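The next block holds one structure in the form of structure tokens; read it before the comments.
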Amino acid sequence: MAFNMESVTKEMMAAITKKFTNLNHLNIIVAGKTGVGKSTLINAVFREQLTETGIGRPVTTHMRKIEKPGFPLSVYDTRGFELGKVVQNEVKKEILDTINQGIASKEINQMIHCIWYCINTTSNRIEPEEINWLKELTNANQAQQVPVIVVLTQAISNPNAEKMKKLLLEENLAVAQIVPVLAQDYEIDASFTKKAYGLDTLIQIMGHCLPEELMDTLQNVQIASLVEKKRHARKAIQVAALAAASEGVVPIPLADSVMIVPTQISMIASITVIFGFDVNKSILGALLSSTIGASGATILGRTVSSNLLKLLPGAGSVVGGAISASTAAAITYALGEAYLLVMELVFTGKLQLTDINSKKGKKLMAEAFKQQLKLRKTK
Ligand SMILES: Nc1nc2c(ncn2[C@@H]2O[C@H](COP(=O)(O)OP(=O)(O)OP(=O)(O)O)[C@@H](O)[C@H]2O)c(=O)[nH]1
Ligand SMILES: [Mg+2]
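Each residue of the sequence shown is one higher than the one before, counting from 57 in the numbering used here.
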């Protein structure tokens, strides 16, 4: 019954690959006049630099589809919008045709899931033709109900952005939300730089607009909101802990499989996919050895009790060779939180992905794991 690190990490890698390959494909249309900041916005929101390195291919006269192999997102970038009324009508028709084609396919991966309509805030005014265009689009879209989010780009001045938002709200457009955004820091002068903001709100709104089947994809592709990534990761941890609790009452000789059963493997895979990092077996090995295998305890049958169970809630209830439900849940929580911690540190640039399996990374995970177990013990 030896705990086989090699085979467990292999299973975890397989679960991650499977989860990632099974992600549904997210399709977004980004519309608006030239120079409003569409490309800047796209590059600030998504993990891959789509507009610089993505493959852009004309799909209609005025739309380009940008995507990257193996990345579950396509962005349709509209062009020539500023060329006047005739072109604007063509763009509108192309958008509606693309939406309808997607719906006709009856295939979630082909449908358009969201439209960002971008308006530059610095111009301080919205032209009536733009409002009319939006009205016509949203009216025509009533049957399909693809959510339209108006993004007020380059919102350097908050009061101006708010003023513009108010003006738009008064138009009663059938849009999901109007959100001011500064996608990139803006240097106002040598002594003051306005920090980027609003992207996290955009992701939150997307989270509300998109169907459930696209939640994992959204978290995988976005880099604008750590809060949302963590929220989704914690949901996965909670689900796994609850499942572990119901699976927990298993004879101790099976202790190794109690702790690294498919439930925990799937949890680690979910968190990995939410962050979208390219983890490898050695990183996963480091996670396991610094947590489950903490303080040198090999997870072999009963030996688990001596070292680990001291820290655990309900440890006294190891009766008749079974661990308690709360113990199983606590281990699962602690494992998930320890992994989430290093994912967060990598996301914020405080730790290199390749340093997770360094001494420092292992120490961080070991401490987080123990702390979480203690936390659950006192609860
Ligand atoms: N600092 C800062 N600059 C921005 C921001 N958004 C756009 N810009 C600048 O505005 C200019 C136009 O932005 P793009 O993102 O290229 O605009 P676009 O809508 O993609 O333009 P087209 O592709 O020509 O239709 C660039 O010089 C950007 O650097 C922002 O949020 N912050
Ligand atoms: Mg562009």
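Here a beta-carbon is modelled for each residue, glycine too, at the ideal position from N, C-alpha and C. This one's a predicted model, so the numbers in the text were calculated from it and none came from an experiment.
Quick one: what does DSSP say residue 102 is sitting in, helix, strand or coil?
strand
Which residues does DSSP list as the beta-bridge partners of residue 204?
171
To the nearest angstrom, how far is the alpha carbon of residue 299 from that of residue 292?
11 Å
Could you check what DSSP says for residue 226 in three-state terms: helix, strand or coil?
helix
Looking only at its chain, what residues have a beta carbon closer than 6 Å to the beta carbon of residue 313, apart from the 5 residues adjacent to it on each side?
Per-residue confidence for residue 313 stands at a pLDDT of 45, beneath the threshold of 50, marking its modelled position as unreliable; no derived number is given.
Simplified DSSP state of residue 211, which is helix, strand or coil:
Residue 211 falls in the coil class under three-state DSSP.
Proximity test, residue 252 beta-carbon vs ligand 1 heavy atom, cut-off 8 Å:
At least one heavy atom of ligand 1 falls within 8 Å of the beta-carbon of residue 252.
Is any heavy atom of ligand 2 found at a distance shorter than 8 Å from the C-beta of residue 90?
yes
Rank 381, 335, 393 and 328 by C-alpha distance to the C-alpha of residue 347 and give the top, closest one.
393
Where residue 410 falls: helix, strand or coil (DSSP):
helix
Proximity test, residue 107 beta-carbon vs ligand 2 heavy atom, cut-off 8 Å:
yes
Taking DSSP as the reference, what is the three-state secondary structure of residue 421?
helix
Output the distance between the C-alpha atoms of residue 369 and residue 88, rounded to the nearest integer angstrom.
In this prediction, residue 369 has a pLDDT of 48, which is less than 50 and means its spatial position is unreliable; what the coordinates show is noted afterwards. Cα to Cα, the separation comes out at about 56 Å.
Cβ of residue 211 within 9 Å of Cβ of residue 231?
no
Looking at the secondary structure, which residues open and close the alpha helix (DSSP H) in which residue 151 lies?
141-161
Quick check: the Cα distance between residue 235 and residue 248, rounded to an integer number of angstroms?
For residue 235 and residue 248, the distance between alpha carbons rounds to 24 Å.
CB-CB under 8 Å to residue 77, same chain, minus the five flanking residues each way: which ones, in chain order?
none
Residue range of the beta strand (DSSP E) that residue 123 falls in?
119-123
Integer-rounded CB distance, given that residue 101 should sit under 8 Å from residue 278
That pair is a contact at about 6 Å.
Tell me where the beta strand (DSSP E) around residue 233 begins and ends.
233-236
How would you label residue 126, buried or exposed, when you count the other beta carbons within 10 angstroms and need 16 or more for buried?
exposed
Can you give me the start and stop residues for the alpha helix (DSSP H) that residue 249 sits inside?
Run containing residue 249: none in the alpha helix (DSSP H); it sits in the beta strand (DSSP E), 248-250.
Close beta carbons around residue 52, own chain, < 8 Å, minus the five adjacent residues each side
Only positions 57 to 435 of the chain appear in this structure, which leaves residue 52 out of reach.
Residue 94: CB within 8 Å of a non-hydrogen atom of ligand 2
yes
For residue 322, does the count of other Cβ atoms within 10 angstroms reach 16, so buried, or fall short, so exposed?
Flag for residue 322 reads buried.
Taking only heavy atoms of ligand 2 into account, decide whether any of them is closer than 8 Å to the Cβ of residue 133.
yes
Compute the minimum distance between the beta carbon of residue 210 and the heavy atoms of ligand 1, and state whether it is under 8 Å.
yes
Cβ of residue 170 within 9 Å of Cβ of residue 84?
yes
Along the beta strand (DSSP E) that carries residue 243, what are the first and last residues, could you check?
242-245
With DSSP run on the structure shown, which of helix, strand or coil describes residue 178?
coil
Using only CA atoms, which one of 264, 383, 265 and 341 lies nearest to residue 301?
The residue with the shortest Cα to Cα distance from residue 301 is 383.
Touch check for the segment 336-345 and the segment 409-416: three-plus C-beta pairs under 8 Å?
yes
C-beta atoms of residue 187 and residue 227 nearer than 9 Å
Contact: yes.
Do residue 269 and residue 159 come within 9 Å of each other at the CB atom, strictly closer than that value?
no
In this structure, does DSSP put residue 79 in helix, strand or coil?
Note: residue 79 maps to coil in three-state DSSP.
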